[in-house]
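Quick note, the sequences are listed as chains A and B, same order. Taking the working numbering, the leading residue of the first sequence gets 665, the next gets one more, and so forth. Taking the working numbering, the leading residue of the second sequence gets 140, the next gets one more, and so forth. Even for Gly, the Cβ is constructed at its ideal location relative to N, Cα and C.
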Amino acid sequence: MSEALLSARDLTVRFGGLVAVNKVSFDVQRGEVFTLIGPNGAGKTTVFNLISRIYQPTAGGIRFEGEDLIAQPPHAVAALGIARTFQNIELFEFASVLQNLLIGTHTHRRTNLWQDMLFTGAARKAELHARRKAEEVIDFLGLQRHRDSMVAGLPYGVRKVVELARALCAEPKLLLLDEPSSGLNVEETEDMAFWIEDIQSDLGITVLMVEHDMSLVSKVSDRVLAMNQGEVLALGSPAEVQAHPGVIEAYLGSTDDLSSLRRQPA
Amino acid sequence: MRFIFKTDYDQDIRLVKHGGQAFWYGLLGVALLLAPWLLSEYLLAQLIFVLIYAVVGLGLMLLAGFTGQFSIGHAAFLGVGAYTQAVLAAAGWPFPLALACAATLSAIVGIVVGLPALRVKGIYLGIATLAFGFIVEEGMARWESVTGGNAGLHVKDPSFFGWTLNTNVEFYFLCLAVTVLATLTILNLLRSPTGRAFVAIRDSEISAQSMGIHLARYKTMSFALSAGLAGLGGALYAHKIKFLSPEQFSIIQSIDLLLMVVVGGLGSVHGVFFGAIFLITMPQLIAIGKDYLPESVGQSPGLQLVVYGAVLVAFVMFEPHGLYGRWLKIRTYLQIFPFYRAGMFKRQKAFQKSDRLK
């Protein structure tokens, strides 16, 4: 197998006494859709925040394309080729959809402050280039009619798509999707599944996502990692993981031994 | 109702979006060029103040309205610019050079003040800038060898290469040129990646960061530009008012500046100009109104502050988008008459916004 795009080794993070993520290791291969599942509080979003460098890991490391990600400041992560969405949508509310997408292209900016202030020919050219990229994404996700609307006035489902679009505008190698289907209705979730498949097959972008909707997970994922209370439960194809006894236990509880779910005091 | 048929991305980048705008801004430009011959000496002086405050307001709007960083000590930057200009003019420096120095020095001070902004947010940033304002005011009062202290400092007329601008008309055109250039610079910034990065920081720092925006760099940049514009306005202010003393740059001035951008409409360049007009005309209106009030109210010393406070509270409560927001509503009402309805500009509550990561 070729070298993994992203590899986490023994990733651990503690918030005070709480071990949110405990010795989690996994590899995301180029071109695959890799999904993290697990009950609430399993540490899935924490893993995302570790990758986008919002949190500092207590121990362990993450390598992206062979480079040490932990050594990078948070704003440099996008330039390496990692874009993300947020569980509760973090759009720029008082800007238009188009402006949001153009901010997505920020990591590819080619002008400096002085060129911007004078709006030189280079700035105009860069602006047109960014706009063409944004328009490609608008076409890809069918956002044409919302192009000039303010985000603050858009319904939740559209905002989700705008956030996905903004992440795509960064032209990432790895796309982190934090619960892409949360708050969406059945049809919107189906659209989301098609887009994730297209992102993988047409755009060739590797996807790492956190998701609760198992039908979406089994439809698009190549591999699934199940977590519970900060630890890895199972790793494999969607069907394998869903059949894994530990996963069933984590979600539903076991009849004979409830105490196995609880973390033993160290 | 105007519908713009777009066939080119350039149409969205252009500053003038359609013929109607070209016509009205052209008309405004002609009116401003003819103003010295149309207006009385007194009104022209008021217009000069509007332009000067607009330059300062552009700076504060960039910081507060577009980057979301509030400064309650902006008069300090105004003061730094004004005193620099006064001292350099007295030393015989040509005017353009002194102006550039005043703006640059203010910008440098802005960077220094911007550093705490990297660590503190919201109300705490307000407190930090407030403290800074007091420090600078005190510094201006105590550093007598340079500023003349509380006795004040006389400012020479602007002159360069043997040409002295000593009439109101000449000075008016100077202010007009500076204002137009400052406005164009801000408009250029706002349609380019730098300006969008500022807006991104205002709306969500966490996602701005994950979009690759270096928060510290852009916040500092915003502070520097804002302070630089305040310094530029301060330099013009010094020449206009001809006499500087520290109490002109007190907290009252800072609050006036903040009032200007809030009443004008946070997050809009038009709002700066509406706010500046408001700030300059309000004292005159109050002076006129005084005569109609009972003497115990009309002649009391704090009347202006009370009115300003009431206006600010009223705007925050009833028209958070300021005079510009009101103007947009009136314009929309006229454009789509008779289909305007009351809820059209109501914004959805942003209940989805996450605050877990802050």
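Which listed residue (the options) has its alpha carbon closest to that of residue i
i, options, result
"arginine 141 of chain B", "B/Phe476, B/Met483, B/Cys240 and B/Phe484", "B/Phe476"
"alanine 366 of chain B", "B/Ala215, B/Gln387 and B/Ala174", "B/Ala215"
"serine 813 of chain A", "A/Ala798, A/Leu805, A/Ala759 and A/Phe858", "A/Ala759"
"valine 252 of chain B", "B/Ala241, B/Ala239, B/Cys240 and B/Ile266", "B/Ile266"
"leucine 328 of chain B", "B/Phe205, B/Ala161 and B/Ala415", "B/Phe205"
"leucine 190 of chain B", "B/Ile325, B/Leu364, B/Gly231 and B/Phe312", "B/Phe312"
"glutamate 731 of chain A", "A/Ala723, A/Ile715, A/Thr722 and A/Ile912", "A/Ile715"
"glutamate 895 of chain A", "A/Phe698, A/Gln808, A/Gly707 and A/Arg795", "A/Gly707"
"glutamate 791 of chain A", "B/Ser331, B/Leu451 and B/Val400", "B/Ser331"
"glutamine 387 of chain B", "B/Ala270, B/Gly288, B/Ala449 and B/Leu320", "B/Gly288"
"tyrosine 463 of chain B", "B/Leu254, B/Val402 and B/Thr324", "B/Val402"
"glycine 441 of chain B", "B/Phe454, B/Val452, B/Met399 and B/Ile391", "B/Ile391"
"phenylalanine 188 of chain B", "B/Phe412, B/Tyr431, B/Phe454 and B/Ala453", "B/Phe412"
"asparagine 713 of chain A", "B/Tyr479, B/Pro233, B/Ile345 and B/Asp430", "B/Ile345"
"alanine 684 of chain A", "A/Tyr719, A/Phe858 and A/Glu696", "A/Tyr719"
Inter-residue Cα distance where the pair is residue i and residue j
i, j, result
"glutamate 434 of chain B", "phenylalanine 299 of chain B", "49 angstroms"
"arginine 694 of chain A", "isoleucine 802 of chain A", "25 angstroms"
"isoleucine 380 of chain B", "leucine 172 of chain B", "22 angstroms"
"alanine 931 of chain A", "methionine 856 of chain A", "Within the shown structure, residues of chain A are numbered from 665 to 930, placing residue 931 of chain A beyond reach of any answer."
"valine 294 of chain B", "threonine 306 of chain B", "15 angstroms"
"glutamine 474 of chain B", "arginine 774 of chain A", "40 angstroms"
"leucine 354 of chain B", "tyrosine 181 of chain B", "45 angstroms"
"valine 445 of chain B", "leucine 201 of chain B", "28 angstroms"
"glutamine 779 of chain A", "threonine 333 of chain B", "10 angstroms"
"valine 285 of chain B", "tyrosine 472 of chain B", "55 angstroms"
"threonine 318 of chain B", "arginine 335 of chain B", "22 angstroms"
"methionine 781 of chain A", "glycine 437 of chain B", "47 angstroms"
"valine 450 of chain B", "glutamine 893 of chain A", "54 angstroms"
"leucine 507 of chain B", "alanine 374 of chain B", "Outside the displayed range of chain B (140 to 497) lies residue 507 of chain B, so it cannot be described from this structure."
"tryptophan 176 of chain B", "threonine 146 of chain B", "42 angstroms"
"glycine 461 of chain B", "isoleucine 394 of chain B", "16 angstroms"
"aspartate 494 of chain B", "arginine 341 of chain B", "Interpretation of aspartate 494 of chain B is limited by its pLDDT of 46, a score under 50 that renders its predicted location unreliable; no figure is taken from the coordinates."
"aspartate 842 of chain A", "leucine 682 of chain A", "22 angstroms"
"aspartate 862 of chain A", "glutamate 852 of chain A", "15 angstroms"
Chain B within 8 angstroms of residue i, Cβ atoms only
i, result
"serine 901 of chain A", "no"
"aspartate 939 of chain A", "Examination of residue 939 of chain A is not possible in this model, given that chain A is present from 665 through 930 alone."
"arginine 748 of chain A", "yes"
"arginine 795 of chain A", "yes"
"proline 703 of chain A", "no"
"arginine 773 of chain A", "yes"
"glutamine 763 of chain A", "yes"
"glutamate 913 of chain A", "no"
"methionine 781 of chain A", "yes"
"valine 677 of chain A", "no"
"arginine 656 of chain A", "As displayed, chain A neither begins before 665 nor continues past 930, which places residue 656 of chain A out of reach and without an answer."
"isoleucine 933 of chain A", "As displayed, chain A neither begins before 665 nor continues past 930, which places residue 933 of chain A out of reach and without an answer."
Within-8 angstroms CB hit, residue i to chain A
i, result
"methionine 360 of chain B", "yes"
"leucine 166 of chain B", "no"
"serine 393 of chain B", "no"
"serine 245 of chain B", "no"
"tyrosine 479 of chain B", "no"
"threonine 322 of chain B", "no"
"proline 332 of chain B", "yes"
"serine 343 of chain B", "yes"
"alanine 339 of chain B", "yes"
"serine 365 of chain B", "no"
"histidine 353 of chain B", "yes"
"asparagine 327 of chain B", "yes"
Neighbourhood of residue i by C-beta, 7 angstroms cutoff - its chain only, sequence neighbours within 5 removed
i, result
"glutamine 491 of chain B", "Low local confidence applies: a pLDDT of 45 at glutamine 491 of chain B is under 50, so the model's placement there is unreliable, with the coordinate-based value given in what follows. For glutamine 491 of chain B, where only same-chain residues beyond five positions count, there are no Cβ hits under 7 angstroms."
"glutamate 757 of chain A", "Val815 and Ala816"
"glutamine 443 of chain B", "Pro422 and Ile425"
"glycine 406 of chain B", "Gly204 and Phe205"
"leucine 383 of chain B", "Ala221, Tyr222, Ala225, Gly291, Leu292, Val294 and Ala377"
"glutamate 729 of chain A", "Leu669"
Sequence-distant residues of its chain with Cβ nearer than 6 angstroms to residue i (five each side left out)
i, result
"alanine 834 of chain A", "Ala742, Ala747, Gly768 and Thr771"
"alanine 237 of chain B", "Gln224, Leu227 and Ala228"
"glycine 724 of chain A", "Arg673, Asp674, Leu675 and Thr676"
"threonine 699 of chain A", "Met873, Glu875, Val881, Ser885 and Val888"
"alanine 956 of chain A", "The question about residue 956 of chain A has no answer, for chain A in this structure spans 665 to 930."
"histidine 157 of chain B", "Ile143"
Residue i CB to nearest heavy atom of the ligand NAP below 7 angstroms
i, result
"lysine 379 of chain B", "Of ligands this structure carries none, so the ligand NAP is not represented either."
Own chain partners of residue i with C-beta closer than 8 angstroms, once the 5 adjacent residues on each side are dropped
i, result
"tryptophan 302 of chain B", "none"
| Would you call the segment 871–885 of chain A and the segment 837–849 of chain A in contact, with 3 or more CB pairs under 8 angstroms? | yes
| query | Are at least three pairs of beta-carbons, each pair with one atom in the segment 369–379 of chain B and one in the segment 237–249 of chain B, less than 8 angstroms apart? | reply | yes
| query | Which residues, taken in chain order from the segment 714–746 of chain A, show a beta carbon closer than 9 angstroms to some beta carbon of chain E? | reply | In the displayed structure, chain E is absent; the protein chains listed are A and B.
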